[in-house]
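>
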Amino acid sequence: LNCIQPCHGLLTSDPRLHDCVHQMRQATHESVGPVMMDKKCVGNNILLLTKAFRKKFIIPDFEEFAQQINKMYDRAQLQEGGQVADYIPQLAKFSPDLWGVSLCTIDGQRHSVGDTKVPFCLQSCVKPLEYAIAVHDLSSECVHQFVGKEPSGFKFNKLSLNEDDKPHNPMVNAGAIVISSLIKVKAERFDYVMGFLKSMAGMEYVGFSNATFQSERETGDRNYAIGYYLKEKKCFPDNADMIAALDFYFQLCSIEVTCESGSVMAATLANGGICPITGERVLSAEAVRNMLSLMHSCGMYDFSGQFAFHVGLPAKSGISGAVLLVVPNVMGMMCWSPPLDRLGNSVRGIHFCQDLVSHFNFHNYDNLRHFTKKHDPRRRSDDDPNKSVVNLMFAAYSGDISTLRRFALSAVNMDLRDYDSRTALHIAAAEGHVEAVIFLTEICKVNPLMKDRWGNTPIDDAMQFGHDVIVSILQEYQRAYTDSDSPCLTEEQKTTLDMLKSIG
521 LNCIQPCHGL LTSDPRLHDC VHQMRQATHE SVGPVMMDKK CVGNNILLLT KAFRKKFIIP
581 DFEEFAQQIN KMYDRAQLQE GGQVADYIPQ LAKFSPDLWG VSLCTIDGQR HSVGDTKVPF
641 CLQSCVKPLE YAIAVHDLSS ECVHQFVGKE PSGFKFNKLS LNEDDKPHNP MVNAGAIVIS
701 SLIKVKAERF DYVMGFLKSM AGMEYVGFSN ATFQSERETG DRNYAIGYYL KEKKCFPDNA
761 DMIAALDFYF QLCSIEVTCE SGSVMAATLA NGGICPITGE RVLSAEAVRN MLSLMHSCGM
821 YDFSGQFAFH VGLPAKSGIS GAVLLVVPNV MGMMCWSPPL DRLGNSVRGI HFCQDLVSHF
881 NFHNYDNLRH FTKKHDPRRR SDDDPNKSVV NLMFAAYSGD ISTLRRFALS AVNMDLRDYD
941 SRTALHIAAA EGHVEAVIFL TEICKVNPLM KDRWGNTPID DAMQFGHDVI VSILQEYQRA
1001 YTDSDSPCLT EEQKTTLDML KSIG
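According to my numbering, the sequence shown is numbered sequentially starting from 521.
(1) Output yes or no for whether 9 Å exceeds the beta carbon distance between Gly-832 and Val-808.
(2) From Val-910 to Val-932, what does the alpha carbon distance come to, in whole angstroms?
(3) Please tell me whether Phe-733 and Ser-781 are closer than 9 Å, where the distance is taken between their beta carbons.
(4) Taking the C-alpha atoms as reference points, what is the distance between Tyr-821 and Phe-728?
(5) Report yes if the C-beta of Ile-870 is less than 8 Å from at least one heavy atom of the ligand ATP; otherwise report no.
(6) From the DSSP output, in three-state form, read off Lys-836 for me.
(7) Drop a sphere of 10 angstroms on the beta-carbon of Phe-768, count the other beta-carbons inside from all chains shown, and report buried for 16 or more, exposed for fewer.
(8) How about the region 594-611 and the region 834-854: do they share at least three Cβ pairs that are nearer than 8 Å?
(9) Where does Ser-866 fall in DSSP's three states?
(10) Which residue's Cα is closest to the Cα of Ser-922: Phe-959, Ala-721 and Asn-590?
(11) What distance in whole Å lies between the Cβ atoms of Leu-860 and Gly-620, which are believed to be in contact at a cut-off of 8 Å?
(12) Report the rounded CA-to-CA distance for Phe-710 versus Gln-771, giving the unit in angstroms.
(13) CB Glu-650 to CB Ser-719, shorter than 9 Å?
(14) When burial is assigned at 16 or more other CB atoms within 10 Å of the CB, is Gly-668 buried or exposed?
(15) Please determine, among Asn-730, Glu-806, Gly-869 and His-538, the residue with the shortest C-alpha to C-alpha distance to Arg-595.
(16) On the DSSP bridge assignment, give the partners of Cys-855 in chain order.
(17) Please report the distance separating the alpha-carbon of Leu-750 from that of Val-663.
(18) Between the Cα of Lys-504 and the Cα atoms of His-871, Ser-930 and Pro-858, which residue gives the shortest distance?
(19) So, Asp-981 versus Asp-940, is the Cβ gap smaller than 9 Å?
(20) In angstroms with no decimal places, state the Cα-to-Cα distance between Lys-637 and Val-726.
(21) May I ask you to list the residues that DSSP assigns as paired with Ser-509?
(22) Give me the residue from Asp-886, Val-957, Asp-875 and Ser-866 with the minimum Cα distance to Glu-485.
(23) Measuring only the C-alpha atoms, how far is Arg-742 from Gln-643?
(24) Could you tell me whether the Cβ atoms of His-953 and Gly-919 are closer together than 9 Å?
(25) According to DSSP, is Arg-973 part of a helix, a strand, or is it coil?
(26) Quick one: Cα of Ser-992 to Cα of Thr-1002, how far?
(27) Per DSSP, what kind of secondary structure is Ser-700 in: helix, strand or coil?
(28) Can you tell me which of Thr-961, Asp-988 and Thr-943 puts its alpha carbon nearest to the alpha carbon of Gly-975?
Rendered as structure tokens:
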């Protein structure tokens, strides 16, 4: 298992590998002197390990990807600007030299570099998580009776409401305070949210800084002012306790994570609400989708528009120096460095995110097919066209339906020809693989009239090798193919069709 981490990104601490690691350690203890007896150790994890060693994870060449992340980390570390937040005393104690980046993919591949085990408070990074929990429990319609969806254009802590007398969105302090009043009853709130966050983090570190909580309460005059303003405008639900909602909001901001546990939280969001290392569904798909939409438009304070333009990914920053970044359907990241720019965002975190998107085609609007200057870490080495042809033909030769299905789902042209101008249908017909022929014709709708270098169509090959069942299938398919709205036939194919009709 030692080769799994650098090459494939799986940690031996991954909950999915618990049985495998335990059995291997037990087998080591039971070895006879230098002789280690054969033991069945990977049976329960064979699918996961096979996927890893065959490079079928979302990022196949994870070792190369991790090396690029390390280079970006080093470049961001050179950024010396910014000031550590000092208006909350506990935050001011952090060294400006601290800098960590952790990532977790939707397959549970992990990589960390820098100060990734140091706990820090989520601060405003908890706002989208709190919102998602509220939507998960109450529905989007219910939550948005009390809070809007639009960027405010004002500072995050400004006393301001929209034209409907609601907070502009859940990412500003006013919106987060109102949402705090929607979650569960007072006695259960904190433990309930902590349970959610721990599940999102795959049961990795999620703590609480009581010192920060006390600092928040003692220096939170602006938030108290916002709370009373919201109460005066009747923004809270009936019977809500404004002071209790504020206390709960301060508690949420004081929840601690590390870069490592935070990256698993972000990966849960990238994975549609399912934790990648436990497989548990934590949040509904609706809650995650709505939350990512708001993070994209409102997540980076007054820098949200610039961030959406240059980075194009959902993210949320906090004054602790954290940046929670989500690459939907790929991975989640947590960057942390205390020095902030004038807008309250981590200087190194912003630089890293911009560097990431300049190198990889993760921007929401990068064209995945034609933007050749950027790298796509999701691309497999067997995506090379020549290799695709070879693999497609071999799958047809062996009648491997699962591989043919994978090619079809990957948008591979199933009419690709080899060096003899044969298609997969030619080869499946010649080899007598009935199921493969049915899949290629009924599901993939391939062209049955293509000729190889010797002038033979797939039905000719089936006849030559005496596969009568396939001949019948292809005759029926050819009639349906030519009668349907198939692509325009070439002159050669029309001649072939006329000849086949005359034979019939």
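We put the CB at the ideal spot given by N, CA and C, even for glycine.
Put simply:
(1) On the sequence shown, position 312 is the one that residue 832 refers to. On the sequence shown, position 288 is the one that residue 808 refers to. Going by C-beta atoms, Gly-832 is not nearer than 9 Å to Val-808.
(2) Here residue 910 refers to the residue found at position 390 of the sequence shown. Here residue 932 refers to the residue found at position 412 of the sequence shown. When rounded, the distance between both Cα atoms is 12 Å.
(3) Position 213 of the sequence shown, counting from 1, holds the residue named residue 733. Position 261 of the sequence shown, counting from 1, holds the residue named residue 781. Contact flag unset, no.
(4) For this step, residue 821 is matched to residue 301 along the sequence shown. For this step, residue 728 is matched to residue 208 along the sequence shown. Tyr-821 and Phe-728: Cα-Cα distance of roughly 24 Å.
(5) Questions concerning the ligand ATP fall outside what the structure shown contains, since it holds no ligand whatsoever.
(6) On the sequence shown, position 316 is the one that residue 836 refers to. Looking at Lys-836 - three-state DSSP - the assignment turns out to be strand.
(7) Counting from one through the sequence shown, the residue named residue 768 turns up at place 248. With 16 or more Cβ atoms within 10 Å of its Cβ, Phe-768 is classed as buried.
(8) yes
(9) Locating residue 866 in the sequence shown gives position 346, counting from the first residue. In the structure shown, Ser-866 sits in a strand (DSSP, three-state: E or B).
(10) As a working mapping, residue 922 is identified with position 402 in the sequence shown. Comparing Cα-Cα distances from Ser-922 to each of Phe-959, Ala-721 and Asn-590, the minimum goes to Phe-959.
(11) Looking up residue 620 in the sequence shown gives position 100. Looking up residue 860 in the sequence shown gives position 340. That belief does not hold up - the Cβ atoms of Gly-620 and Leu-860 are roughly 16 Å apart, past 8 Å.
(12) Within the sequence shown, numbered from 1, the residue matching residue 710 stands at position 190. Within the sequence shown, numbered from 1, the residue matching residue 771 stands at position 251. Rounded to the nearest angstrom, the two C-alpha atoms are 8 Å apart.
(13) On the sequence shown, position 130 is the one that residue 650 refers to. On the sequence shown, position 199 is the one that residue 719 refers to. Cβ atoms of Glu-650 and Ser-719: not closer than 9 Å.
(14) Here residue 668 corresponds to residue number 148 of the sequence shown, with the count starting at 1. That one is buried.
(15) Taking the first residue of the sequence shown as position 1, residue 595 is located at position 75. Among Asn-730, Glu-806, Gly-869 and His-538, the Cα nearest to that of Arg-595 belongs to Gly-869.
(16) Residue 855 sits at position 335 when you count from the first residue of the sequence shown. Cys-855 is bridged to Val-621 and Val-843.
(17) Here residue 750 refers to the residue found at position 230 when the sequence shown is read from its first residue. Here residue 663 refers to the residue found at position 143 when the sequence shown is read from its first residue. Going by the C-alpha atoms only, they are around 16 Å apart.
(18) What the structure shows of the chain is the stretch from 521 to 1024, and residue 504 is not part of that stretch, so it cannot be assessed.
(19) On the sequence shown, position 461 is the one that residue 981 refers to. On the sequence shown, position 420 is the one that residue 940 refers to. For Asp-981 and Asp-940, no; Cβs fall outside 9 Å.
(20) Taking the sequence shown and counting its residues from 1, one reaches residue 637 at position 117. Taking the sequence shown and counting its residues from 1, one reaches residue 726 at position 206. Spanning the two alpha carbons is a distance of roughly 12 Å.
(21) No answer is possible for residue 509: it lies beyond the span of the chain, which begins at 521 and ends at 1024.
(22) Past the boundaries of the shown model lies residue 485; the chain is included only from 521 to 1024, so the question cannot be answered.
(23) For this step, residue 742 is matched to residue 222 along the sequence shown. For this step, residue 643 is matched to residue 123 along the sequence shown. Whole-angstrom Cα-Cα distance: 15 Å.
(24) One-based indexing of the sequence shown puts residue 953 at position 433. One-based indexing of the sequence shown puts residue 919 at position 399. Yes; because the gap between Cβ atoms is below 9 Å, this pair is in contact.
(25) For the purposes of this step, residue 973 is taken as the residue at position 453 of the sequence shown. Three-state DSSP puts Arg-973 in coil, outside helix and strand.
(26) In the sequence shown, residue 992 corresponds to position 472, counting from 1. In the sequence shown, residue 1002 corresponds to position 482, counting from 1. Approximately 16 Å, taken between the alpha carbons.
(27) Your numbering for residue 700 matches position 180 in the sequence shown. Looking at Ser-700 - three-state DSSP - the assignment turns out to be helix.
(28) Translated into positions along the sequence shown, residue 975 becomes position 455. It is Thr-943 whose Cα lies nearest to the Cα of Gly-975.
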